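Residue numbers (this note's numbering): 769 to 1038.
Don't be surprised by glycine CBs; every beta carbon is placed ideally from N, CA and C.
A quick note: this is a predicted structure, and the numbers were derived from the prediction, not measured.
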């Protein structure tokens, strides 16, 4: 992500943080009122009082988790793709609003129960979503959009000569829009043979890394290209094609296993 895109994303993160700051102030006022009214109406050990306090605890934990996500993302934007991060922020903002509205509505129900002196009205509605403290979904997605191309290249142990070769001019590495079904069909390695079957050139058609799936495709494609690069100036036989496919399949499988092992260490909920 370039400097201007990072600046744009950082602005969006700061806007979301400000919105959460305003939410916690409003929520704290409503919650304090609910606690006071619950104690007056039903007593300090009542369901109403306990639920008011528990709502504050849960909502505050959700905001802390959201802030941790923003801070983690804020310092790692260089390796991410703008569109993937932009979509991610939109989704987490929507979840944040749903979380606030859910808990705020519940406190309002508690206040109504206090006014009517009807504690049996205090029943939590079932949510249609999971908050940040109930699921690893958003934490797992965060790790995916921050997968670094350079880390995959390091894992594959590609040579400097190979990198110089594919970076020699823009036409050797072409990024494909993975969300476009027509473009997606071109993903892979395209190589050129001369009239004698000698390998003369290689082109990579890869997707930008926006999730684990595209990272695996990128890994497999680069692995294949690197193995082919070792055959430049030589004939490429069917046996070579089979060997390269097996090697790339194995490299991608091992990468996925290692990724999930690292992911399990970083996810907050086991």
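So, with DSSP's three-state summary, where would you put residue i?
{"i": "residue 891", "result": "coil"}
{"i": "residue 925", "result": "coil"}
{"i": "residue 1003", "result": "strand"}
{"i": "residue 1009", "result": "helix"}
{"i": "residue 935", "result": "coil"}
{"i": "residue 915", "result": "coil"}
{"i": "residue 813", "result": "coil"}
{"i": "residue 793", "result": "helix"}
{"i": "residue 786", "result": "helix"}
{"i": "residue 871", "result": "helix"}
{"i": "residue 997", "result": "helix"}
{"i": "residue 1030", "result": "helix"}
{"i": "residue 896", "result": "coil"}
Could you check how far apart the C-beta atoms of residue i and residue j are, in whole angstroms? I think they sit under 8 Å.
{"i": "residue 955", "j": "residue 974", "result": "7 Å"}
{"i": "residue 838", "j": "residue 784", "result": "7 Å"}
{"i": "residue 993", "j": "residue 972", "result": "5 Å"}
{"i": "residue 970", "j": "residue 997", "result": "6 Å"}
{"i": "residue 1012", "j": "residue 995", "result": "4 Å"}
{"i": "residue 885", "j": "residue 787", "result": "At roughly 35 Å, the Cβ-Cβ gap does not stay under 8 Å, so residue 885 and residue 787 are not in contact."}
{"i": "residue 780", "j": "residue 850", "result": "The pair is not a contact, with the Cβ atoms about 11 Å apart (cut-off 8 Å)."}
{"i": "residue 1035", "j": "residue 907", "result": "5 Å"}
{"i": "residue 777", "j": "residue 854", "result": "7 Å"}
{"i": "residue 951", "j": "residue 944", "result": "5 Å"}
Taking the alpha-carbon of residue i as reference, which of the options has the nearest alpha-carbon?
{"i": "residue 879", "options": "958, 819 and 985", "result": "819"}
{"i": "residue 802", "options": "790, 816 and 794", "result": "816"}
{"i": "residue 916", "options": "870, 845 and 869", "result": "845"}
{"i": "residue 922", "options": "789, 869, 1019 and 1029", "result": "1019"}
{"i": "residue 834", "options": "811, 782 and 993", "result": "782"}
{"i": "residue 963", "options": "1004, 944, 984 and 948", "result": "1004"}
{"i": "residue 933", "options": "891, 985 and 990", "result": "990"}
{"i": "residue 863", "options": "778, 900, 855 and 1010", "result": "900"}
{"i": "residue 1006", "options": "1030, 1035 and 965", "result": "965"}
{"i": "residue 860", "options": "843, 836 and 812", "result": "836"}
{"i": "residue 1026", "options": "811, 1014 and 980", "result": "980"}
Just to confirm before moving on: does the CB-CB distance between residue i and residue j stay below 9 Å?
{"i": "residue 795", "j": "residue 910", "result": "no"}
{"i": "residue 912", "j": "residue 978", "result": "yes"}
{"i": "residue 967", "j": "residue 1000", "result": "yes"}
{"i": "residue 831", "j": "residue 792", "result": "yes"}
{"i": "residue 882", "j": "residue 805", "result": "yes"}
{"i": "residue 826", "j": "residue 871", "result": "yes"}
{"i": "residue 920", "j": "residue 986", "result": "yes"}
{"i": "residue 873", "j": "residue 769", "result": "no"}
{"i": "residue 988", "j": "residue 1017", "result": "yes"}
{"i": "residue 893", "j": "residue 814", "result": "no"}
Are the C-beta of residue i and some C-beta of chain C separated by less than 9 Å?
{"i": "residue 947", "result": "Included in the structure is just one protein chain, with no chain C present."}
Please specify which runs of the alpha helix (DSSP H), each continuous and at least 4 residues long, are wholly inside the stretch 941–977, giving them in chain order.
949–952
Taking only runs that begin and end inside the stretch 801–868, name each unbroken alpha helix (DSSP H) of 4 or more residues, in chain order.
815–842
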